[in-house]
Every structure is written in structure tokens, then in C-alpha cells.
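In the numbering used here, the protein residues as written are 10 to 479.
By construction, the Cβ of each residue, glycine as well, lies at the ideal position given by its N, Cα and C atoms.
Have a look at the structure below, then the notes.
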Ligand code: FAD
Ligand code: NAD
């Protein structure tokens, strides 16, 4: 082929895994080509983390103003706030544009060659890129590499009997509404269902959530989820647990559901958001030709993020759970540094997870149940935000911080917390685990007053039997 390019590192996918790997590789002087078929920034920046958090902020502000209009509890009186949806969406899109533009600039700064188009794997060292538009010269560009990094991410799972289209939408459409429906049925009470279900409810839409398991956010422990469950109820979100979705109603304006121990019925809904998980994007671009070891649709990697084929690496959602942007980024850095000759392993002490519901939920490391399952004799300390001055002054005293530690040497094993704005504590949780802190390290650290962070210190003190404010 005449238009063949040679490089040391070829990355397929410009999401947080791929673009961060490219930036780090560029910093380390590795000749790098990044191929992206849709938009730099991937799911996270374009149709995931960032747009969802922007809309969560819009919904929170609107809802808070409506609260003031209703009862003026803080002494603020507001009259009938109105939503200009088009402007809210434009604001969200502006943030996405700034961030994705920033990624393009960083890649350029670090001399990464960005090729726009869809990659097709020929073999472990050869990739063809199809031109993005019909107008381009037509022939694919061939890229030859020493190292191939797969970072193609994930895509939403559809229900086989209710494919996406028409009134059935995925998170992508839910993040870019032109108008709001009167009612929304959300299938799946996981991260996406609850984050976006809360957004729509706070913007005035009637929301019903249908979950197959017996509780919302089934991945988290029951105590953590309780405050979120109560808050959703107070917000007027309908929760249908242990309920099966059977299909669309005949007129397409609702869902046929089967609640436990009762008859099938129709739940009216103008739109249906299906959020039952995401699956690794491992099909349709020649990955199977490499015959890699797989775990279902996920590419199996070792603790270096190396696949079963020499010179082929994989990171991010393509490698399965937990599908989180910060995990993908950390894996990307790990791979780039190894290609530069450094000895690296991807063995995090904990990958924090945050669900941006209201209240938020944060976990890092082991829960008390997980510690018990692992046969570890553990103690825990729980500090309620109702006893934290900052939480009170933020008018958000619901929730708690919990620490789990070994009984014998007080090594911290995990943190769990729920509360409004508590996601900002995730960094402290992650650091204490990575630094192998014990309860005394956290308990004897001076925490600024008044902050929600004091609840971290108090949880550690409580586990030691020395809590000061409960
Ligand atoms: P992706 O971000 O999916 O990027 C993969 C890229 O590869 C895409 O741009 C795609 O176009 C490209 N690609 C695929 N195949 C090819 C090909 N053949 N050729 C060229 N390019 C290709 N995570 C968090 O940590 N925090 C959050 O708050 C959060 N919120 C989320 C909210 C929503 C609504 C969703 C959907 C996800 C959210 N996530 C969140 C998850 C997060 O977005 C993903 O974990 C993260 O984007 C994974 O990064 P990645 O690089 O592995 O893949
Ligand atoms: P999820 O795994 O978080 O939740 C899916 C939910 O759907 C589960 O509770 C499951 O029991 C339920 N479910 C599955 N099949 C069902 C059915 N047929 N009927 C009713 N309920 C059903 O998946 P998600 O919410 O789609 O999110 C996908 C991934 O995206 C997450 O795993 C996460 O990694 C990532 N994400 C992260 C964040 C964050 O970090 N804040 C936010 C959004 C998405």
C-alpha cells in the first residue's frame, strides 16, 4: 500500500484509556498514532461522565430553586423558576467541546499523530483505517506498529425484545433531549438509570424505575443504598423492584411489566430509557482474527494490561468491569510506561467508584461483607453526617462515612460513604488505601473544620472507640 505509516505504538480508541495512554507515550518520546472513529474523549467526555454530570448539575439547581419557591426554608424566596432546556443542553455541549478540544490540543502538544477513521485489525502489527467520509479518497490507510493497544471501550446493552429506536432510548439519547417527555420509564436501577432518572425527575418528568433485583444499585451494600432509596421515594420516583420487563405496550407508549406476586400490567411512559449495563466493544473490527484469550466479550489481560498475544495490550471498558474512566486512564499510563521500558504493574489497592445520585454513593476497597467473605477479622467505624457541622450548614445531614479495617493491625481495607457532595471524599479514601494507612494515620491527621472530610477522621476514631462528636 502506498499510504502506509510505521509507528512504535498504535492505539485504537481515543477515550480516556486511549487518549491518556497516547499523552503519556508522547511525554515519554514514543512515536504514537491514535485512531478514533467517532470523537476524541470517547464515551466519557462525549456521551458519558461529563455530559451526565453537567445535566445532574442543571437538574440540581432547578430542583433547589423549585424547593425555595415552595417553602423558602433558608429564607430565600423564588418565584416559579423556568427551564430553558435548549440553553441547558447548549451549556452542557459547550463543556464537552472545551474538554474534547483540550484533548486534541494535548495530543498535538505531545506529538501524537491522530488518525480519524474506523480501524480494522489485519494482524497484531497491522491495522487498516477506513476513511470517515465517502468524500475521502476511498482507500484505507495502513498502519504498521510494534505495539498495538486496544482501547475501543463499550456500548450499551439492548434488551433483545426491545431494541433501541423510537421511544426506546439509551443514555446517549437521554443526554441530548430536544424536549422532555411527560413520563419516562427507566429499565435498570444501576448507575445510569438512577443518575439520569434523577435528572429527569428533578426537571419535572414523571419517572418510574424498573429493576430486576430486589434493591436499587444492587452492586452496593444495602446500608449504603438505603438513603438513596428514601431520597428517590421523596422525590416521587416510582420504584418497581424484582420486576420483569416483558416488552413494549401495544401502542409503544409504555412498558408491559411483571411485578412480583401480581399480575402483568402496563406502565404508561412516553419514553423508555434502557440502562441494563454496557458490554465491551470487541466485535466488528477484526479483533477475532487475533484469537486472543477472552472473558466473554471482554479481552482478558494480565496485571500488566497485556493480552495473550505478544505486543498486543488492552485497557479500559474493553477489558470488562469495573467500567470506569479513571481505571481506563490508569491502565493507559501503565501500558505507555512499560512500552518506554519501565517495570509497571496495574495492581491498584482500590479503584474508587462513585454513583452521582442524590445523595451520592462512594466506595473504595472492601465493604464489611467483602472483608468477612475474604475471611478477614475486621472492625468498622461509622460516622453519621447528621453529626457533621459542614453537612448541616449545607442543609444535607443525611448519610454517613464508614471505614473497614483489620482488627489485628488496624490496616484500612475499605471505605463506604453516602451523602450529598460526598464524592469529593473519594480521593482521601483512595489515598489511604494506596498508602497502606492504618486507622491511627487517619485519626491523627488534622482535618480542616468545618468540612465533610472531618467525617472521615471521625469514622476512623470511631473504629478505635475514640469518636469525639457522637
Ligand atoms: P471509551 O470511552 O468508550 O472510548 C472508546 C473509543 O474507541 C470511542 O471513542 C470509540 O469511538 C473508539 N473506537 C471504538 N472502536 C473503534 C475502531 N474500530 N476504530 C476507531 N475507534 C474506535 N465512568 C466514571 O468513571 N465516572 C462517571 O461518572 C461515569 N459516568 C458515565 C455516564 C454514562 C452515561 C456512561 C455511558 C458511562 C459513564 N462512565 C463513567 C463510564 C466511562 O464513560 C467509561 O468507563 C470510559 O469512557 C471507558 O473509557 P475507554 O477509553 O475504555 O472507552
Ligand atoms: P449497571 O450495571 O450499573 O446497572 C444495570 C442495572 O440493570 C442493574 O441494577 C441490573 O440488575 C439491572 N438489570 C439488568 N437487566 C435488567 C432487566 N432485564 N430488567 C430490569 N433490570 C435489569 O449498568 P448501567 O447503569 O447501564 O451502567 C453501565 C456501566 O457504565 C456501569 O457498570 C458503570 O461502569 C458505568 N457508569 C459509571 C458511572 C459512574 O461511575 N458514576 C455512571 C454511569 C455509568
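Residues in its own chain within less than 8 Å of residue i by CB, not counting five upstream and five downstream?
i	result
residue 78	86, 87, 88, 89, 90
residue 240	366, 367, 368, 407
residue 279	176, 190, 191, 192, 193, 262
residue 303	291, 309
residue 178	280, 281, 282, 283
How should residue i be labelled, buried or exposed, when 16 other C-beta atoms within 10 angstroms of its C-beta is the threshold for buried?
i	result
residue 55	buried
residue 321	buried
residue 110	exposed
residue 326	buried
residue 443	exposed
residue 94	exposed
residue 378	exposed
residue 34	buried
residue 483	Outside the modelled stretch of the chain, which goes from 10 to 479, sits residue 483, for which no answer is possible.
residue 479	exposed
residue 528	Nothing about residue 528 can be read from this structure; the chain reaches only from 10 to 479.
residue 20	buried
residue 338	buried
residue 220	buried
residue 376	buried
residue 236	buried
In the DSSP output, which residue or residues are listed as bridge partners for residue i?
i	result
residue 15	153
residue 347	For residue 347, which the question treats as bridged, DSSP gives no partner whatsoever.
residue 267	253
residue 127	139
residue 374	423
residue 287	165
residue 275	265
residue 132	135
residue 280	193
residue 247	217
residue 41	18
Using a Cβ-Cβ cutoff of less than 6 Å, which residues in the same chain neighbour residue i once the five nearest sequence positions on both sides are dropped?
i	result
residue 139	126, 127, 149
residue 398	459
residue 391	409, 411
residue 223	250, 251
residue 364	200, 370
residue 253	267
Taking the alpha carbon of residue i as the reference point, which residue from the options has its own alpha carbon closest?
i	options	result
residue 294	72, 281, 136, 16	136
residue 314	336, 220, 93	336
residue 238	57, 173, 427	427
residue 328	355, 201, 252	355
residue 114	28, 39, 477	28
residue 384	416, 163, 396	416
residue 244	206, 221, 258, 271	206
residue 200	422, 323, 333	333
residue 117	41, 345, 341, 284	41
residue 464	401, 422, 255	401
residue 14	475, 30, 43	43
residue 330	316, 306, 341, 317	306
residue 121	364, 36, 388, 264	36
residue 450	83, 461, 470	470
residue 58	446, 259, 226, 180	180
residue 258	345, 218, 170	170
residue 196	167, 182, 461, 187	167
residue 203	188, 228, 187	228
residue 188	213, 165, 173	213
residue 226	434, 248, 208	248
residue 230	380, 174, 301	380
residue 97	83, 68, 81, 393	68
residue 92	70, 346, 107	70
residue 84	155, 475, 474, 404	404
residue 396	462, 129, 182, 156	462
residue 18	173, 311, 341	341
Is the shortest distance between the beta-carbon of residue i and the beta-carbons of chain C less than 9 Å?
i	result
residue 64	The structure shown contains no chain C; it is built from a single protein chain.
Return the chain-ordered list of same chain residues with a C-beta closer than 7 Å to the C-beta of residue i, the five sequence neighbours on each side being excluded.
i	result
residue 439	359, 361, 373
residue 75	90
residue 493	The chain is shown from 10 up to 479; residue 493 falls before or after that span and cannot be answered.
residue 472	388, 389, 390, 412, 414, 448
residue 72	211
residue 344	30, 158, 314, 322, 324
residue 420	414, 445, 447
Quick one: is the Cβ of residue i within less than 8 Å of any heavy atom of ligand 3?
i	result
residue 363	Among the ligands modelled here, namely ligand 1 and ligand 2, ligand 3 does not occur.
Legend entry - Segments of 3+ residues assigned as beta strand (DSSP E) that fall wholly inside the stretch 385 to 456: 387 to 393, 409 to 415, 421 to 428
Inset, instruction - Report the residue ranges of all beta strand (DSSP E) runs contained in full by the stretch 156 to 215; include only those spanning at least 3 residues, in chain order. - result: 163 to 165, 192 to 196
Inset, instruction - Scan the stretch 295 to 361 and note each continuous beta strand (DSSP E) run of 3 residues or more that stays entirely inside, going in chain order. - result: 321 to 323
Legend entry - Whole runs of the beta strand (DSSP E) within the stretch 53 to 90, excluding any shorter than 3 residues: none
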